[in-house]
Amino acid sequence: MVSGGQLLSKIATNEGHGENSPYFDGWKAYDRNPFHPTDNPDGVIQMGLAENQLSFDLIRDWIKQNPEASICTVDGVHKFKDTANFQDYHGLPEFRKAIAKFMGMVRGGRVTFDPDRVVMGGGATGANELIMFCLADHGDAFLVPTPYYPAFDRDLTWRTGVQIIPVDSCSSNKFQVTKNALEAAYDRAQGAGINVKGLIIANPSNPLGTVLERETLKDLVSFINERNIHLVVDEIYAATIFSSSSFISVAEIIEEMDCNRNLIHIVYSLSKDMGLPGFRVGIVYSYNDEVVRCGRKMSSFGLVSSQTQYLLARMLSDEEFVKNFLAESSRRLNKRHSMFTKGLEQVRINCLKGNAGLYVWMDLHHLLKEPTFDGEMTLWRVIIDQVRLNVSPGCSFHCKEPGWFRVCFANMDDQTVEAALKRIRAFVCKGKEDHQEMPTKNKQRWQRNLRLSFSARRFEEGVKSPHVMSPHSPIPHSPLVRAK
Amino acid sequence: MAIEIEQPTVGLSKVAVSETHGEDSPYFAGWKAYDEDPYDESENPSGVIQMGLAENQVSFDLLEEYLEKHSEASTWGKGAPGFREHALFQDYHGLKSFRQAIASFMEQIRGGRAKFDPDRVVLTAGATAANELLTFILADPGDALLVPTPYYPGFDRDLRWRTGVKIVPIHCDSSNNFQVTPQALEAAFKDAEVMNIKVRGVLITNPSNPLGATIQRSVLEEILDFVTRKNIHLVSDEIYSGSAFSSSEFVSIAEILEARGYKDSERVHIVYSLSKDLGLPGFRVGTIYSYNDKVVTTARRMSSFTLISSQTQHLLASMLSDQEFTKNYIKINRERLRKRYEMIIEGLRNAGIECLKGNAGLFCWMNLSPLLKTQTREGELTLWKSIIRDLKLNISPGSSCHCSEPGWFRVCFANMSEQTLEVALKRIHNFMDQRKTETN
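Order-wise, the sequence lines are chains A and B.
First residue of the first sequence? That's 1 in UniProt numbering, and the numbers climb one at a time after it.
First residue of the second sequence? That's 1 in UniProt numbering, and the numbers climb one at a time after it.
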């Protein structure tokens, strides 16, 4: 009898799903022992989840005040039938219009977007995969500046067969992507017979929390334009800018320079800017008509629920609400970022100077026992087990230099931030000694467990235990969500 | 305004430029005629009536009534925890209460004759995504799935486009009411072998689209035996299971497996959706139910690309957990569909047109072969064009469903009011009368 596993495709049986990365390993510790301010104050604090939980009240209040936007209330049910029936992959026209308008407002009105170029995807996850399917064949490659969002490995390559060519960056110039690095990576790939179809970059950056400067953006556009390859800019953190320096979108840059617009594509989502990851609103905005046409057909595989389109169409068309929301959300993120970074500075922990995102890129290389990725893993294990914070190690972002960690701060309340800072302070002050005394024997055991038990457990628990959540989500009954 | 640059057109992927999205098929061409001139009872009574859209619009009132009575089902007026939780919830396991509701709904549809474990329910944004996702998991590019003809035209895109997997048809014909036979299964397998293509599974739709008929128990047994013998998968797309006119007439593959004590069941996967039975295509609710643990795990991971909006999961979890509501809905929906079916069959019969004997679905499989000038695909398309042009009815030609016999057409009847159906039947009647006069 042939076992089930051998009957499946290569895609199904390879590691392309990416869940065996350390990015997800920390979740296990959190799942087992989640922090709660009163019920479990010694639990693991989740700082590996880039979510924006600071401004729900604004959205919730809008929904309460606008019952007709919900097709399931007495006020809105007359729209139920038409909406429930609507599965056109063009999307509700008012939804597309509202999204285009929202995208413009997020960019301070400095650029406008055409609703007819808005294509839906199943979250940014689906949108990123979709744009790859449109632009690249199996075996083709995309350049991706490091450090980058770990799930790009899955989203861009798993089912598409596209390969990622990392373009490395260094802390010495603040991890900015350089023309030299791009050219070197491109030439090397072409030389090896790999067909590079484009460059994809997140701006604002995950995990850096920085925005691309105008000149850098122009360099990127020139780079792809000269080589006639695509540029995909993932702008899902556009509205998480929290300091006064503005975010510059690629949409603005192409108004300022000559380039072949058929090469320019933007990926967007409401998961970060509005804190609505559950609604699965992913957008591909392409300046290439053919990509829009093809992308739209492909969006059949990941359309946004018409119920959600309807609600958001009304919400995002409310200019007053949007203006207020963007300003207030920005203010709160800024405040939270300040609070957190100041707390870290007090114990001489520095972060890359950032002005966006829901996280900081923390520099802990001075705490490494050895300046290697093994050293990083050791330190990370200590942070999870002793300090009990789930943070994300830089290696999972393909960072070239060990010692950097992404630490999220917007998915919790002030109380929890204080608790985290307290622990970090305690750790830095006395922890250094403990850390150095750590027996090597323990280190080996953790590293073994890191791999084996995680993947084995994932396999089992996926079927037998419904309690283990998927890597990108908190436990719904998590105390963090309940906390005010 | 794009700046014109003298450059070779930058290439898109092969997938992007291929025709496999299938939209150039006549299945979709008829839509254009409808889009340009849509029928409206008062505004445009001579417009094109859309009979090419397999939608269930006969039971909305039941849903609306439920929502009016339970309007807390989707508002978050109760306070922060509810809304926040759902807005954040992107776990690919899906809302547990929703999975439980789906599993119990599927059980109810099968009259309790099969049990479904909520932990085997994987959620996707529509059956479109479910079918593609399963194909990615069960087959490699270049491999094939065997699919009985005639089949849903969308399969050409869903199963093949981005996956690179092929469809090899299992030919069925009217001599035995288009049922799948062991000979046809073997022949299809051999066809693939001859082309050097590896067959990874069989995909059936039960009840069938476009036939509007359930697959008989004995045939299901034969298909299951066949896939077991060949050591391949079986995907049973049961999205019309709740649209069988009587509960006892539909036999699910799940029942066959249960009767066999789930022996060899890890090769079987069921696709379900709420688009047809509940008439909610816009909400994008699809599911994969697999008896194979590895498939469940992998499908769940892959569903990251196509999750169901938590807002929608929340609403439907409430609705489908209300077993009294669902029991009543299923019963009434079946009854209304059956009445609609009988109405169209009688109307067509009075016009001298016969259909395949159906017992499920939102459409009937109409035989117009006596009207063809030539018993060929071209003859069928010529007739079809005249039906659009002169009768102003958008119906789907059998060739777009890969039917090997020309002259058959799928005619949808549940996506319109009774009055509109009467108008359509009248036009057909007049058309047939006219033909009789012409030929005489």
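Don't be surprised by glycine CBs; every beta carbon is placed ideally from N, CA and C.
| Query | Result |
| --- | --- |
| Report the partner residues of residue 310 of chain B according to the DSSP bridge assignment. | Its beta-bridge partners do not exist; DSSP assigns none. |
| In whole angstroms, what is the alpha-carbon distance linking residue 175 of chain B and residue 229 of chain B? | 26 Å |
| Who are the neighbours of residue 91 of chain A on chain B, taking C-beta pairs under 9 Å? | Within chain B, no residue comes near residue 91 of chain A; the closest Cβ sits about 10 Å away, beyond 9 Å. |
| Alpha carbons only, please: which of B:200, B:354 and B:121 is nearest the one belonging to residue 137 of chain B? | B:200 |
| With 8 Å set as the bound, which would you pick, yes or no: does the beta-carbon of residue 309 of chain B sit closer than that to a beta-carbon of chain A? | yes |
| Name, in chain order, the residues that DSSP records as bridge partners for residue 268 of chain A. | A:283 |
| Check whether chain A comes within 8 Å of residue 287 of chain B, counting only Cβ atoms and requiring the distance to be less than that. | no |
| So what's residue 45 of chain A in DSSP terms, helix, strand or just coil? | strand |
| Quick check on this structure: which residue in A:232, A:217 and A:289 has the alpha carbon closest to the alpha carbon of residue 197 of chain A? | A:232 |
| By DSSP, does residue 301 of chain B sit in helix, in strand, or in coil? | helix |
| Alpha carbons only, please: which of B:123, B:23 and B:421 is nearest the one belonging to residue 283 of chain B? | B:123 |
| Can you list, in chain order, the residues of its chain whose CB lies under 7 Å from that of residue 442 of chain B, leaving out five sequence neighbours each side? | Residue 442 of chain B cannot be examined here, being either before or after the span of chain B that is shown, 1 to 440. |
| Rounding to the nearest angstrom, what Cα-Cα distance links residue 433 of chain B and residue 48 of chain B in this structure? | 20 Å |
| Whose Cβ in chain A lies nearer than 8 Å to the Cβ of residue 183 of chain B? | Near residue 183 of chain B there are no residues of chain A at all, since even the closest Cβ is about 25 Å away, more than 8 Å. |
| Going by C-alpha to C-alpha distance, which of B:287, B:429 and B:291 sits closest to residue 100 of chain B? | B:287 |
| Are any of the Cβ atoms in chain B nearer than 8 Å to that of residue 51 of chain A? | yes |
| With DSSP as the reference, identify every bridge partner of residue 163 of chain A, one or two as the case may be. | A:141 |
| With 16 as the cutoff for other CB atoms within 10 Å, does residue 291 of chain B come out buried or exposed? | buried |
| Going along the chain, which residues of its own chain have a beta-carbon closer than 8 Å to the beta-carbon of residue 261 of chain A, five neighbours each way excluded? | 254, 287 and 288 |
| Per DSSP, which one or two residues make a beta bridge with residue 234 of chain A? | A:202 and A:267 |
| For the region 338-351 of chain A, enumerate the residues whose C-beta is nearer than 8 Å to any C-beta of chain B, in chain order. | none |
| May I have the straight-line CA-CA distance separating residue 310 of chain B from residue 63 of chain A, to the nearest angstrom? | 16 Å |
| Using the three-state DSSP reduction, which class does residue 253 of chain A fall into: helix, strand or coil? | helix |
| Suppose you measure from the CA of residue 454 of chain A to the CA of residue 25 of chain A; what does that come to, to the nearest Å? | The pLDDT assigned to residue 454 of chain A is 33, lower than 50, so where the model puts this residue is not dependable, and the model offers no usable value. |
| Find the nearest neighbour of residue 400 of chain A within the set A:7, A:172 and A:126, judged by alpha-carbon distance. | A:172 |
| Give a yes or no on whether the C-beta atoms belonging to residue 202 of chain B and residue 146 of chain B are separated by under 8 Å. | yes |
| Who are residue 363 of chain A's beta bridge partners in DSSP? | A:350 and A:404 |
| If we count the other Cβ atoms within 10 Å of its Cβ and call it buried at 16 or more, is residue 377 of chain A buried or exposed? | buried |
| Tell me which residues share the same chain as residue 252 of chain A and place their Cβ nearer than 8 Å to its Cβ, disregarding the 5 neighbours each side in the sequence. | 107, 110 and 111 |
| Please list, in chain order, the chain B residues whose beta carbon lies closer than 7 Å to that of residue 14 of chain A. | None at all; the shortest Cβ gap to chain B is about 10 Å. |
| Per the contact definition of three or more C-beta pairs closer than 8 Å, is the region 69-86 of chain A in contact with the region 331-347 of chain A? | no |
| Would residue 296 of chain B be called buried (16 or more neighbouring beta carbons within 10 Å of its own) or exposed? | buried |
| Pull out every residue of the region 30-50 of chain B whose Cβ sits closer than 8 Å to any Cβ of chain A, in chain order. | none |
| Along the region 133-160 of chain A, what residues have a CB closer than 9 Å to any CB found in chain B? | 133, 134, 135, 136, 137, 138, 140, 151, 154, 155, 158, 159 and 160 |
| Helix, strand or coil, according to DSSP, for residue 329 of chain B in the structure here? | helix |
| Could you check the C-alpha separation between residue 54 of chain A and residue 354 of chain A for me, to the nearest Å? | 18 Å |
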